[in-house]
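What follows is a single structure, written as structure tokens, with notes after it.
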Amino acid sequence: MRIVFTSDFVDLENIGGAGRVLWELAGGLLRRGHRLTFVVGGPEARSGNVDHPAGRIRWISFPYPREGRRGPRFVFDVRRRVRAAYRLAGPADVVVHNQPLTADALSASCTPSVYLFHSPWPAEFVAERFGDDQLPQRMSRGWITHLQTSLRARVEGRAVRRARTVVTLSEHMRQRACSMYGVDPRRVLVCPGGVDLDRFSPKGEVERRSLRARRSVDAETLVFACVRRLVPRTGVDLLVDALSMADTQLPPWRAWIAGRGPQESSLDAMIRGSSVGSRIERLGYVSDSELTDLYCAADATLVPTRALEGFGLSTLESMACGTPVIATPIGGSVELLEQCPMCRLAPTATAEGLAAAMIDWAGTIARSAGARGTTRRFVE
């Protein structure tokens, strides 16, 4: 089968969570003998073949400016570029859309389509700016926010309703798609995400100690890791407050925060002003090749999300490495963690709730024999 994937932005040099989902999905389809073409935005125009471990992908990308570099004709330019790139792709048996703007650009196509619904586009806009996913009632958050969310809902609604099948990674997002856009639940398929168990795999204690020693951390210190984009939605600021609240009830600890984003400056200032700031290290961008070492070196991974945790790829990656996860009870995190005995869900998506979960985990699970093996087996 000839399958075309579309998306707004995929950078092979810095692929990110959503891009990694597409990449792994592509691998599964290639291994089944399908022919794939990616029509995606990127740092620059490109046309050629990309080698995937499972086969070859035809890659057609169009320039897609990142936020802050978009002119008044941004939407019109993207629609024009998507259509031009799609024409280069040639005939397809099915088109898999990963983002509403690129899907809407191809609304006139008669080719059957599948829509991958990761999270509601208008709610993403709100969450990036305000840290929650509550859509504004009329002008409650200003006319610009009202206009942006209304237009995004209209565009995404068309894409979702037009698709023959809508795919989500969690039951939570299935319910969001149906409630927001009136989609028949029978057309929505929940396909929980997976993780590469060979790439993300546990390391022995000797190697773990070596990894920790590189950052001057001994074997007895409790290490928390957090791999998040630094935006209000992901709640990394909650993590800093939670560590301060839990400090006196935890054994000696260190925290590593990996990731970049618009909150970098404010987060750095927050860490400097915190009573526990000297034990929190911000690592910045961590390459895919370094992620496994980071997860394996840590004792627990923190996922302090405020809103829109559609699936939680970093949660699965951590657990595959044998590292338990402590998370706020948002979206897909609940589905992933509520049955794992070595992980913890905070009672609330607040600093107080996260602190309570960390204290509970540290007192019951942190040094339990077999905790890492049990966590790994949970995702196998």
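Read in order, the letters of the sequence shown are residues 3 to 382 in the numbering used here.
Glycine included, C-beta positions come from ideal geometry on N, C-alpha and C.
From a predicted model like this one, the values you see are computed outputs, not experimental measurements.
Collapsed DSSP secondary structure at residue i in the structure displayed
i: Asp301; result: coil
i: His99; result: strand
i: Asp79; result: helix
i: Leu232; result: coil
i: Ala364; result: helix
i: Ser115; result: strand
i: Phe202; result: coil
i: Gly263; result: coil
i: Asp13; result: coil
i: Arg22; result: helix
i: Arg176; result: helix
i: Val84; result: helix
i: Thr104; result: helix
i: Arg396; result: Residue 396 lies beyond the residue range present for the chain, which begins at 3 and ends at 382; the question has no answer from this structure.
i: Leu27; result: helix
i: Arg369; result: coil
i: Leu252; result: coil
i: Arg346; result: strand
i: Ala353; result: helix
i: Ala227; result: strand
i: Ala359; result: helix
i: Arg33; result: helix
Alpha helix (DSSP H) segment containing residue i, residue limits
i: Arg60; result: Run containing Arg60: none in the alpha helix (DSSP H); it sits in the beta strand (DSSP E), 57-65.
i: Ser212; result: 207-215
i: Ser268; result: 266-275
i: Phe380; result: 373-381
i: Phe132; result: 123-132
i: Asp239; result: 238-248
Contact check, residue i vs residue j, beta carbons under 8 Å
i: Ala257; j: Arg274; result: no
i: His120; j: Glu337; result: no
i: Pro297; j: Cys323; result: Residue 297 is actually Tyr in this sequence, not Pro. Yes.
i: Val41; j: Thr8; result: yes
i: Leu285; j: Ala260; result: yes
i: Thr167; j: Val192; result: no
i: Phe11; j: Gly50; result: no
i: Ile367; j: Gln251; result: no
i: Asp239; j: Val278; result: no
i: Leu199; j: Glu382; result: yes
i: Arg84; j: Ala47; result: Checking the sequence, you will find Val at residue 84 rather than Arg. No. Outside cutoff.
i: Phe164; j: Ser115; result: The identity of residue 164 in the sequence shown is Arg, whereas the question assumes Phe. Cβ atoms of Arg164 and Ser115: closer than 8 Å.
i: Thr317; j: Ala329; result: yes
i: Ile62; j: Thr39; result: yes
i: Val197; j: Val162; result: no
i: Ala357; j: Thr325; result: no
i: Ser276; j: Val242; result: yes
i: Leu315; j: Gly195; result: yes
i: Pro204; j: Arg378; result: yes
i: Pro253; j: Ala364; result: yes
i: Gly29; j: His54; result: yes
i: Phe202; j: Glu311; result: no
i: Pro124; j: Ala105; result: no
i: Val157; j: Leu103; result: yes
i: Glu126; j: Met247; result: no
i: Asp13; j: Pro65; result: no
Bounding residues of the beta strand (DSSP E) (the contiguous stretch that carries residue i)
i: Arg188; result: It is not in any beta strand (DSSP E) - Arg188 carries neither H nor E in the DSSP assignment.
i: Leu38; result: 37-44
i: Ser49; result: 48-54
Residue i: CB within 7 Å of a non-hydrogen atom of the ligand ZN
i: Leu27; result: The model depicted lacks the ligand ZN and carries no ligand whatsoever.
Is the segment 128-139 touching the segment 73-81 in the sense that three or more CB pairs, one from each, lie closer than 8 Å? no
At least 3 beta-carbon pairs within less than 8 Å: the segment 295-311 vs the segment 227-234: yes
Mind listing, in chain order, the continuous beta strand (DSSP E) runs of no fewer than 3 residues lying wholly within the segment 138-170? 167-170
What are the complete alpha helix (DSSP H) segments, minimum 4 residues, inside the segment 277-342? 290-299, 315-322, 334-339
Quick one: any contact between the segment 339-357 and the segment 262-274, if contact means 3 or more CB pairs under 8 Å? no
Evaluate contact between the segment 343-361 and the segment 201-214, counting only Cβ atoms and requiring at least three cross-stretch pairs below 8 Å. no
Evaluate contact between the segment 4-20 and the segment 82-93, counting only Cβ atoms and requiring at least three cross-stretch pairs below 8 Å. yes
Decide yes or no for the touch test of the segment 215-227 against the segment 109-124: beta carbon pairs closer than 8 Å, at least 3 of them. no
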